[in-house]
Amino acid sequence: MLASTVINHRQHVGLQKLSALAGITHSSLGPNTKYKFIQDETSGESALVCSCFRVLENLELTCGAGQLVYETVQAHQKTYHTGSGCLLFLAGAWSRAALECLQRGVPVARIISAMSEGMDVCLDVCRECSVSTEGLGVAQSESRTATSQGLGPHLSKTPTVEASRASDTTLTASGRRKIKLSRHFYETKSENVPQPPLPKLPDIAHISAGLSHGCVGAMTLVVEASRIQSRSNPQDVSCSTFDVTKVVTCVLPGLPEEHACVMQGCIVLVSHEQASVVHHLKEQHLKVALINGDLSDTYRHLGFKRLKGVQCVSDRSHFSSSTKEEEWMEKTVALLLNLEVNLIVVSGLASEKVIQRCCTHHILVVEKTKASVVKALAQATGAVPVTYATQLSTHCVGAGVKVAIWRDLSSHERKPSTTVNISTVESSGLVTVILASCVHGKLQALEDQFWACAYRLHHTLKDKVLLPGAGVTEMLCVHRLHKQAAQKHHTVQQTRAGTAHNPYRGLVLHLMADGFIDYISTVMVNTGTVSKVRARTAVSQQLQDCAQSQGIAATFSQLFLADEQEDGAAAAAAAAAQVYDNVSVKQEAWRKALDLVLLVLQTDAEVITGINPKSDGPQEDVMLL
């Protein structure tokens with residue numbers, strides 16, 4: 009990719025490469041993401057992707073800047089599962105801002121100082137404009153429910169609670185008067201301490217709609233998974249939490265996307281031989297063993313080191329035909345049969361020979377299980393995970409597991425061909441999301457979209473705050489950066505302790521704001537309703553309105569849908585729509601983007617590039633480090 013980009017070696021090479029890599033994110037921003045085909049010229053294989061992380065994953069990045077970008081995006085994606093496009097886009101925009109500063113003669117130290125201050129300004133904006141999720145969307149849902157069908161069972165509880173509190177207050181006051189008439193309790197001056205009101209729970213449907221970011225189908229599956237978890241947890245009947253660690257996905261290629269659904273339990277794909285074992289074990293309460301690692305004779309735990317200089321001496325005069333693997337397998341199977349284990353859940357891989365041998369004894373082996381699923385099964389069954397199968401004992405084996413055939417897919421010529429649902433008598437909170445598509449290459453994108461929506465809802469319920477979406481937060485940051493840049497006489501007292509006056513501060517803050525403007529206008533263009541010129545014009549107009557105290561949040565977010573409004577009903581529906589962003593995800597994406605730019609800036613600032621060592625001519629204005 010970088011080979012097709014013209015690099016000016018007389019300028020900062022690392023920032024130019026960073027800007028070039030960021031160009032791949034333009035089509036992955038906004039609610040209407042576009043698919044890309046990436047083809048390997050050597051092998052001819054291709055991949056279908058629609059996110060910047062998957063694009064980087066399929067590129068051969070050989071330069072240092074490319075490796076740094078990939079590692080940064082990978083770390084963010086692994087933690088948050090969303091926001092990687094924003095991270096890389098702003099990294100490219102701010103790298104161009106740094107290049108512009110260098111061309112204008114701004115020292116590197118001044119660029120770093122001003123950009124760091126600009127980031128502090130943006131983080132302050134996030135803190136100021138964040139919205140609490142307490143009761144968010146409840147008023148709209150209550151008014152809709154009251155208008156259409158009257159008070160529902162959940163809403164009708166509120167007046168009852170308030171009435172009971174009023175009666176409790178009255179009884180407490182009268183009771184206190186009676187107590188004061190007694191000489192035994194006269195000295196006790198008890199006061200009626202008012203109880204704090206119960207926090208209003210957010211409307212999950214309203215919040216999830218604002219967090220879908222165009223992935224409506226994926227977010228629908230997320231909401232259903234949250235509801236199933238809440239029903240299985242009597243302490244959380246209000247969907248106030250969402251544990252993504254207990255959610256797994258099962259991908260079924262060859263089936264239409266309409267087959268996507270959510271099921272309670274852990275659904276896995278098994279072979280035809282394993283399906284026959286499930287038929288034998290159905291409607292039984294099984295004993296389960298949990299293995300953290302691989303189920304094979306050669307597996308050793310992480311950090312294991314073989315002792316050097318040790319020789320194994322056998323007292324046998326002749327060796328039997330059984331190999332070491334056979335001996336281990338016989339010992340393991342005998343132990344499992346002695347413990348009456350019917351199900352083995354393995355977090356790693358299982359040897360094919362072990363699976364086949366266990367099938368002959370009606371023992372089901374499930375491999376490649378998430379560590380969080382193993383932990384959930386341990387909590388629900390009382391099993392103790394072990395590293396090696398030979399460590400199993402009576403107290404390590406759990407009970408109360410059921411297996412059942414969920415769907416037979418042999419007609420679709422799949423291998424493995426059967427899906428099995430693993431559930432527990434005591435609720436484990438495990439939920440499986442079934443994803444399907446007739447296009448095999450699209451399955452990865454569908455799974456990524458689901459996890460992005462799942463983690464958005466998870467972080468929202470964890471943080472209990474949201475940011476206005478649809479470019480509103482970025483617009484507020486632009487407005488604040490422009491306002492800070494306009495302060496010509498910036499005193500030392502207004503800056504952090506120990507920092508001096510920066511004459512280039514206004515320029516750098518303006519260029520950082522331009523990066524946000526470029527981000528907003530690109531997202532608007534990707535909606536397919538406006539051109540780049542019109543998008544930037546709309547942004548400029550909103551900034552002028554904000555400067556005149558007309559506000560941003562009330563009007564700007566609807567510009568994304570402005571050209572799609574054809575009647576009054578559609579306009580009213582758009583006005584009622586709300587778009588939200590995660591506070592922690594957005595802040596971390598901004599921080600990582602700036603850290604990436606400053607790291608590349610400082611690294612290449614200490615390296616002289618563009619100098620031909622074989623040149624015989626004079627090399628003026630060159631300082632060798």
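Note that the sequence shown covers residues 9 to 633 in our numbering. Glycine included, every Cβ here is placed at the ideal spot set by N, Cα and C.
On the DSSP bridge list, what partners appear for residue i?
{"i": "Q457", "result": "In DSSP, Q457 forms no bridge with anything."}
{"i": "Q586", "result": "Looking at the DSSP assignment, Q586 forms no beta bridge with any residue, so it has no partner."}
{"i": "P261", "result": "S445"}
{"i": "S431", "result": "K410"}
{"i": "T440", "result": "V256 and M271"}
{"i": "S140", "result": "V473"}
{"i": "I299", "result": "V354 and V394"}
{"i": "L277", "result": "T427"}
{"i": "R415", "result": "T427"}
{"i": "V373", "result": "I352"}
{"i": "L294", "result": "V409"}
Just tell me which of the options has its CA closest to the CA of residue i.
{"i": "A226", "options": "A460, K472, I528 and P261", "result": "A460"}
{"i": "L607", "options": "H221, A106, G311 and D522", "result": "A106"}
{"i": "A453", "options": "C71, C223 and V296", "result": "C223"}
{"i": "N429", "options": "V605, G31, L372 and E482", "result": "L372"}
{"i": "Q549", "options": "S355, D456, V114 and S529", "result": "S529"}
{"i": "V411", "options": "C71, Y43, G273 and Q492", "result": "G273"}
{"i": "F61", "options": "H518, L344, T90 and V296", "result": "T90"}
{"i": "Y396", "options": "R235, G408 and S304", "result": "S304"}
{"i": "T427", "options": "K594, L263, A73 and V278", "result": "V278"}
{"i": "V21", "options": "S54, G72, C58 and T537", "result": "G72"}
{"i": "T41", "options": "K25, S59 and K540", "result": "S59"}
{"i": "V439", "options": "S380, Q457 and A494", "result": "S380"}
{"i": "V255", "options": "V276, L263 and P261", "result": "V276"}
{"i": "S92", "options": "D603, L609, K594 and T611", "result": "K594"}
{"i": "Q282", "options": "D522, L67 and T368", "result": "T368"}
{"i": "R599", "options": "N66, E125 and V231", "result": "E125"}
{"i": "I5", "options": "T537, H280 and H466", "result": "With the chain covering only 9 through 633, there is no way to say anything about residue 5."}
{"i": "E232", "options": "E68, A407 and A462", "result": "A462"}
{"i": "W102", "options": "F524, L263, V259 and N66", "result": "F524"}
{"i": "V230", "options": "T611, A546 and R464", "result": "R464"}
{"i": "M520", "options": "N510, H490, T537 and H370", "result": "H490"}
{"i": "L469", "options": "L385, A546 and V139", "result": "V139"}
{"i": "V405", "options": "N66, R112, L345 and D128", "result": "L345"}
{"i": "T70", "options": "T535, Y512, K25 and M123", "result": "K25"}
{"i": "S284", "options": "L64, A601, D128 and H370", "result": "H370"}
{"i": "L37", "options": "V81, L602, V533 and E348", "result": "V533"}
{"i": "D456", "options": "D553, V541, T257 and A83", "result": "T257"}
{"i": "Y88", "options": "V538, H467, N510 and K383", "result": "H467"}
{"i": "S234", "options": "K383, G408 and M271", "result": "M271"}
{"i": "H34", "options": "L604, D302, G536 and D589", "result": "G536"}
Assuming residue i and residue j are in contact, meaning their beta carbons sit under 8 angstroms apart, how far apart are those beta carbons, in whole angstroms?
{"i": "G390", "j": "D251", "result": "Not a contact, Cβ separation roughly 20 angstroms."}
{"i": "L144", "j": "P210", "result": "5 angstroms"}
{"i": "L351", "j": "V296", "result": "4 angstroms"}
{"i": "V587", "j": "G218", "result": "5 angstroms"}
{"i": "G356", "j": "E375", "result": "7 angstroms"}
{"i": "V591", "j": "D471", "result": "5 angstroms"}
{"i": "A543", "j": "G514", "result": "With 8 angstroms as the limit, A543 and G514 do not qualify as a contact, their Cβ atoms being about 25 angstroms apart."}
{"i": "L609", "j": "L417", "result": "With 8 angstroms as the limit, L609 and L417 do not qualify as a contact, their Cβ atoms being about 53 angstroms apart."}
{"i": "Y512", "j": "A122", "result": "6 angstroms"}
{"i": "L56", "j": "G449", "result": "4 angstroms"}
With a threshold of 8 angstroms between beta-carbons, can residue i be considered close to chain D, or not?
{"i": "G225", "result": "Among the protein chains of the structure shown there is no chain D, as only one such chain exists."}
Any alpha helix (DSSP H) of 4 or more consecutive residues that is wholly inside the region 43 to 73
60 to 65
Taking three-plus beta-carbon pairs below 8 angstroms as touching, is the region 262 to 271 in contact with the region 440 to 448?
yes
Specify whether the region 301 to 312 and the region 283 to 291 touch according to this definition: at least 3 beta carbon pairs, one from each stretch, less than 8 angstroms apart.
no
Please determine if the region 17 to 31 and the region 97 to 113 are in contact, where contact requires at least 3 C-beta pairs separated by less than 8 angstroms.
yes
Contact between the region 49 to 63 and the region 113 to 127 (3+ Cβ pairs under 8 angstroms)
no
Does the structure place the region 481 to 497 close enough to the region 130 to 137 that three or more beta carbon pairs sit under 8 angstroms?
yes
So, do the region 331 to 341 and the region 354 to 370 have three or more beta carbon pairs nearer to each other than 8 angstroms?
yes
With contact counted as at least three CB pairs below 8 angstroms, one residue from each stretch, are the region 472 to 479 and the region 71 to 79 in contact?
no
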